[in-house]
Amino acid sequence: MKVASRFVFLFLLGGGLLLWAQLRRPRQMRIEIDLTSALAGEISEVDVVVRRADHALARHQVRYGPAGAPGVVSLELRAAPGEAEVEATLIYSGRPARRIVAKVPLEEGAPARVEVKP
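In short: position in the sequence shown from 1, add 153, done, that's my numbering.
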């Protein structure tokens, strides 16, 4: 009886640890920055930093040619699900740069979306 209860306890402890490890496992996440409100060719460079608890998870810096940035900038990162802070610096042609900070939920199924308002 005593041996069986110890095996049950160890089995439950091992199952709980496996479940906890699975929940904290990093996954492929995607963040989309919606730039459709900007004029075509207006944004020449995009710098995106994704943070959680003051630690950088990813950085994405791209310079676009004279055609400008696309309507949606997509960023792939590997992280555990949860809330993250997205800081995007948009560098315009002939205008001062603009910084946008947003908190987004990182989920495995759907991309986190940050909309840029004019």
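Backbone N, C-alpha and C fix where the C-beta goes; we use that ideal spot for every residue, glycine too. The model shown is predicted, which means the values in this text are computed figures rather than measured ones.
Quiz prompt | Distance between beta carbons of Ile196 and Ala222, contact taken as under 8 Å | solution = 4 Å
Quiz item: Distance, Cα to Cα, Arg180 vs Gly169?
Solution: 20 Å
Quiz item: In whole angstroms, what is the alpha-carbon distance linking Asp200 and Val225?
Solution: Taking the straight line joining both Cα atoms gives about 14 Å.
Quiz item: For Gly235, which residues does DSSP report across the bridge?
Solution: According to DSSP, Gly235 bridges with Leu259.
Quiz item: Would DSSP call Leu243 helix, strand or coil?
Solution: strand
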